[in-house]
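Reviewing the structure listed below.
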Amino acid sequence: MTKKYHQNMLDKIAEEARRGRISRRDFMHYSMAAGVTATTATGLWTKEAAAQPKKGGNFRWGLHDGNTSDTHDPGTYVTRQMIFLAHTHRSYLTMINGDGSLGPDLADSWSASDDASEWTFELTKNATFHSGKKLTADDVIASLNHHRGDKTTSAAKALLTDVTDITKDGDYTVKVALKGGNADFPWLMTDYHMAICPANDDGTIDWKSGDGTGPYKIDSGEFGVQWKLSRHEGWHREGAYFDTVEILVLNDPNARQTALVTGDVHSVSLVELKTMALLQRDKNIVIDNVPSAAAITMPMFCDTAPFDNVDVRNAMKLAMNRDEIIEKITFGAATKANDFHLSPAQPYWPDDIPQREYDPDQAKSLLKKAGAEGLKVNLSTADSVYAGAVDMAVLYAEHAKAAGITVNVVREPNDGYYSDVWLVKPFTLVSWGARPTPDVMFTLAYKDDAAWNESHWKNPRFNELLLQAKGELDDTLRAEMYREMCMLMRDDGGTIIPFFNNFVYAHRSNVGVPDQLAASWECDGARAASRWWFNS
Amino acid sequence: MGDILRLVARRLGLGVVTLFVVSILIFFAVELLPGDIAEAVLGQSATQETVAAMREQLGLDRPAPVRYVEWLSGAVQGDFGVSLVSGERVSAAIGPRFRNTLFLAAYAAVIAVPLAIILGIIVALLRNTVFDRVANVLTLTSISSPEFFLGYILILYLSVKTSMFPAIASLSHGMSFGDLLYRSFLPALTLVLVVTAHMMRMTRAAIINLLASPYIEMARLKGVPPWKVIVRHALPNAWAPIINVVALNLAYLITGVVLVEVVFVYPGVGQLLVDAVSKRDFPVVQACCLIFAATFILLNLAADVGSILTNPRLRHPK
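Pasting the structure below:
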């Protein structure tokens with residue numbers, strides 16, 4: 001087939017799709033038959049066929065979770081206001097695409113040495129700061145160094161501890177040297193702290209001015225209240241359809257909902273699950289219920305009786321009716337988990353591991369085998385962990401009764417839960433934010449010597465695989481390793497994982513959104529401002 | 001008149017002492033809260049090194065009294081320092097928000113005070129009639145329900161169902177005065193509903209209290225019409241308690257509106273104070289609390305001066 005023939009055929013398929021005659025599935029099918037790869041076909045569908053983004057308009061965006069005490073310092077990013085604003089006025093080296101793959105942002109391409117211990121990022125030559133300054137390697141180096149060194153106050157310090165050196169090779173190439181191999185390093189660059197700011201002459205960054213290379217530049221604003229931004233003409237990537245963007249901090253759930261219903265805002269970043277069903281009846285509102293990698297975990301200390309026996313741990317896992325918990329506690333806005341900390345929204349998720357179901361009889365027999373019949377345990381929890389955390393613990397206690405386990409729910413104070421209860425009490429309820437890759441998550445909370453190894457789980461095979469997989473550049477081999485690790489977590493690990501909480505947000509129906517919404521944050525990976533558009 | 005000036009000067013002097021005591025209390029109250037700013041800012045991802053680095057940068061590794069004296073020496077020269085979290089000047093952080101708070105308080109007061117007093121006079125005049133009962137029941141209901149609930153009710157009927165007024169204030173720079181009044185109408189109305197009952201009931205009670213006095217009886221016997229009895233004869237003697245209640249409610253309008261701010265997303269001082277406390281941002285907490293304390297001191301002073309001026313017996317003590 002000649003290239004021209006290709007193009008003709010694709011144009012025809014795209015035209016059909018535009019008229020609504022073929023579905024997305026058919027489009028993918030035909031395009032692939034025409035010799036296009038799956039990724040390109042997805043891109044074509046969003047770009048050419050279904051979605052025809054229009055430019056223009058003022059996008060008003062209501063966010064939960066913003067304080068007046070927030071700042072522009074990437075090292076202290078923590079609230080949604082900071083993170084969503086960062087994705088709107090600043091850029092990162094890489095970004096997570098709608099389909100969950102890793103795409104370019106400031107870096108056009110990246111490559112690793114054979115052992116994955118040195119990474120080279122080729123920067124785009126088209127990126128400029130809002131002040132007009134061109135982006136160069138110096139800015140990237142200073143921005144990454146902001147999270148390194150003894151003096152740093154950055155919350156992301158731990159992510160970059162393996163980095164030994166960051167150097168430039170010309171103005172548009174950055175080389176990062178690591179202590180050991182890390183095949184996930186480009187994924188780490190999507191972490192919300194890694195925003196690129198302009199460098200000062202002394203190698204520090206100027207974060208106070210709010211300058212960035214993102215799709216929108218800040219015109220005015222105040223933390224905890226609102227931000228007004230306008231398009232940064234000549235932004236280095238595609239998108240940024242709105243002329244202007246207004247970010248409003250709406251911490252009160254009712255204020256957020258009313259603003260959406262009355263049309264004061266076009267999208268909100270969080271919908272209360274209790275009222276989700278009512279909101280769904282409004283024809284002008286579309287609810288986005290997107291599976292995420294954020295998880296609720298229930299770690300049991302594997303070195304403390306009775307959890308030092310793997311049969312007891314598995315009995316505890318079998319004694320949970322996840323379906324009922326998802327239905328009653330999360331109102332269906334969650335994805336059932338399988339006792340391994342890897343979500344379908346993350347790369348390398350193994351889809352062939354059988355789901356663990358509620359089975360009180362098997363739990364009973366496991367307890368009998370372990371000689372632990374009539375088991376009594378304390379489960380520590382607090383309301384602040386998750387909306388409904390205490391209710392969930394009580395519900396679980398009811399499920400466990402059928403397996404002959406007495407779960408005594410201990411309600412701990414909200415203040416200081418993560419310093420006095422988590423990692424201190426042997427059986428707790430914990431909420432985890434999403435991490436970009438399995439390696440980051442496993443290293444953080446399941447590695448034998450991790451400070452946050454919340455279940456005190458020390459499995460030699462798991463730790464061996466973790467190291468191996470980290471430096472492995474062959475994706476198929478890596479996927480196999482992660483699958484084996486997941487099996488170990490599921491069948492030997494000390495953590496019950498009931499569910500991954502979904503992101504539940506909403507937009508008005510006059511807002512166009514891509515076919516696939518990124519699962520890294522609410523509102524299309526926090527990039528709604530540059531990825532969404534007005535239909536009319 | 002000299003007596004009043006002396007009284008004002010003395011009260012202002014005492015007020016300064018009060019502010020000083022308040023500042024000490026606030027400082028050590030913030031110190032007593034578990035965790036410090038470094039832990040609050042870094043949150044769950046805090047490590048020992050990053051917390052130590054941040055404490056050193058902010059000077060939190062020095063003893064508390066030293067830090068207090070440093071802050072105080074700046075404060076007496078009018079320098080309230082910089083916010084520990086954002087590095088912004090405290091005056092710059094609070095200034096625009098305090099203006100917003102004052103605007104909302106003034107907006108509500110301009111409606112509520114005349115409304116409450118006029119209603120109070122009318123219900124005193126028509127006491128024990130249906131009008132009196134209805135007015136009492138309505139105002140007592142509105143004062144008895146929490147402000148945020150009132151706010152939600154107003155949003156439901158005036159915003160969602162009829163879309164007469166915006167549900168969220170979302171003020172911005174360069175808004176015209178009319179726009180400002182329109183966008184902040186619902187929060188102001190909520191506050192009006194909350195404070196009216198108190199002032200109205202006090203006006204009614206103070207007037208009715210006087211109606212049993214012999215000089216009112218005399219006026220009535222002379223054939224003065226009932227409204228004139230109340231407005232000309234009873235009201236002048238009733239001003240003192242009314243002024244006191246008005247002052248208290250005005251202070252409430254400035255210091256107690258954080259819930260209303262949250263419901264209507266109104267950028268006032270209350271939200272700033274709550275955020276600053278949760279981050280242990282001492283200079284901001286201190287400045288907000290001193291503003292609130294000063295508000296109470298000044299309004300109480302104004303109430304006392306007002307009572308004296310309206311009462312010749314107090315103006316010329318024996």
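Heads up: the protein sequence lines correspond to chains P and V, in order.
Using the numbering used here, you'd call the opening residue of the first sequence number 1 and step up by one each time.
Using the numbering used here, you'd call the opening residue of the second sequence number 1 and step up by one each time.
Even glycine gets a Cβ: it sits at the ideal position worked out from N, Cα and C.
Being a predicted model, the structure only gives us computed values, none of them experimental.
With 16 other Cβ atoms within 10 Å as the buried cut-off, status of residue i
i	result
threonine 164 of chain P	exposed
histidine 89 of chain P	buried
valine 17 of chain V	exposed
serine 144 of chain V	exposed
valine 137 of chain V	exposed
tryptophan 110 of chain P	buried
tyrosine 215 of chain V	exposed
histidine 266 of chain P	buried
glycine 493 of chain P	buried
glutamate 336 of chain V	Summary: the structure shown does not reach residue 336 of chain V, with chain V confined to residues 1 through 318, and so no result is reported for it.
glycine 224 of chain P	buried
methionine 200 of chain V	buried
phenylalanine 177 of chain V	exposed
Neighbour list for residue i in chain P, Cβ cutoff strictly below 8 Å
i	result
threonine 50 of chain V	Thr152, Thr153, Ser154, Ala155, Lys157
alanine 276 of chain V	Thr68, Ser69
proline 166 of chain V	Thr262, Asp264
serine 142 of chain V	Under the 8 Å cutoff, chain P gives no residues; its nearest Cβ is about 19 Å from serine 142 of chain V.
serine 163 of chain V	Thr262
methionine 54 of chain V	Thr153
Rounded C-alpha distance that separates residue i from residue j
i	j	result
tyrosine 348 of chain P	alanine 293 of chain P	12 Å
isoleucine 26 of chain V	aspartate 65 of chain P	26 Å
glutamine 52 of chain P	glycine 214 of chain P	22 Å
lysine 208 of chain P	histidine 72 of chain P	6 Å
alanine 528 of chain P	glutamate 246 of chain P	12 Å
glycine 256 of chain V	leucine 60 of chain V	31 Å
arginine 97 of chain V	histidine 130 of chain P	28 Å
threonine 353 of chain P	isoleucine 287 of chain P	For the sequence presented, residue 353 of chain P should be read as isoleucine rather than threonine. Taking the straight line from one Cα to the other gives about 30 Å.
aspartate 323 of chain P	phenylalanine 80 of chain V	55 Å
glutamate 522 of chain P	proline 114 of chain V	48 Å
arginine 21 of chain P	valine 513 of chain P	Summary for arginine 21 of chain P: the model assigns pLDDT 47, below 50, so the residue's position carries little reliability, and this model does not support an answer.
histidine 87 of chain P	tryptophan 532 of chain P	13 Å
isoleucine 561 of chain P	asparagine 321 of chain P	Because chain P spans 1 through 536 in this model, residue 561 of chain P falls outside it and cannot be assessed.
alanine 526 of chain P	glycine 100 of chain P	13 Å
leucine 299 of chain V	leucine 19 of chain V	14 Å
histidine 507 of chain P	valine 268 of chain P	7 Å
isoleucine 118 of chain V	leucine 158 of chain V	25 Å
isoleucine 168 of chain V	glutamate 327 of chain P	32 Å
tryptophan 239 of chain V	isoleucine 111 of chain V	19 Å
CB-CB length for residue i against residue j, believed under 8 Å
i	j	result
phenylalanine 121 of chain P	valine 174 of chain P	5 Å
phenylalanine 340 of chain P	histidine 456 of chain P	Wrong, their Cβ atoms sit about 17 Å apart, outside the cutoff.
glutamate 118 of chain P	leucine 178 of chain P	7 Å
tryptophan 227 of chain V	leucine 125 of chain V	6 Å
glutamine 257 of chain P	leucine 279 of chain P	7 Å
Proximal chain V residues relative to residue i, where beta-carbon distance stays under 7 Å
i	result
serine 220 of chain P	His173
Contact list for residue i against chain P, beta-carbon separation under 7 Å
i	result
isoleucine 155 of chain V	Thr258
tyrosine 152 of chain V	Asn254
alanine 188 of chain V	Per Cβ cutoff of 7 Å: no residues; alanine 188 of chain V is ~16 Å from chain P at best.
serine 159 of chain V	Thr258, Thr262
valine 41 of chain V	Thr76
Where residue i meets chain V, residues with beta-carbon distance less than 9 Å
i	result
glutamine 226 of chain P	Ser170, Leu171, Ser172, Val265, Pro267
threonine 428 of chain P	Near threonine 428 of chain P there are no residues of chain V at all, since even the closest Cβ is about 14 Å away, more than 9 Å.
Cross-chain neighbours of residue i in chain V, by beta carbon under 8 Å
i	result
glycine 203 of chain P	Chain V residues near glycine 203 of chain P: none, gap ~17 Å exceeds 8 Å.
glycine 416 of chain P	Pro34, Gly35
Where residue i meets chain P, residues with beta-carbon distance less than 9 Å
i	result
threonine 47 of chain V	Ala155, Lys157, Ala158, Ala451
valine 30 of chain V	Under the 9 Å cutoff, chain P gives no residues; its nearest Cβ is about 14 Å from valine 30 of chain V.
alanine 219 of chain V	What alanine 219 of chain V touches in chain P: nothing, since even the nearest Cβ is about 52 Å away.
> What are the residues of the stretch 261-294 of chain V that lie near chain P, defined by any Cβ-Cβ distance shorter than 8 Å?
Replying inline: Val262, Val263, Phe264, Val265, Pro267, Gln271, Leu272, Asp275, Ala276, Ser278, Lys279, Asp281, Val284
> Name the residues in the stretch 238-263 of chain P whose C-beta lies less than 8 Å from a C-beta of chain V; which are they?
Replying inline: Leu248, Val249, Leu250, Asn251, Asp252, Asn254, Ala255, Thr258, Ala259, Val261, Thr262
> Using a Cβ cut-off of 8 Å, which residues of the stretch 65-92 of chain V contact any Cβ in chain P, in chain order?
Replying inline: Ser83, Val85, Ser86, Gly87
>> Please identify, using Cβ separations under 7 Å, the residues of the stretch 163-176 of chain P that lie next to chain V, in order along the chain.
In response: none
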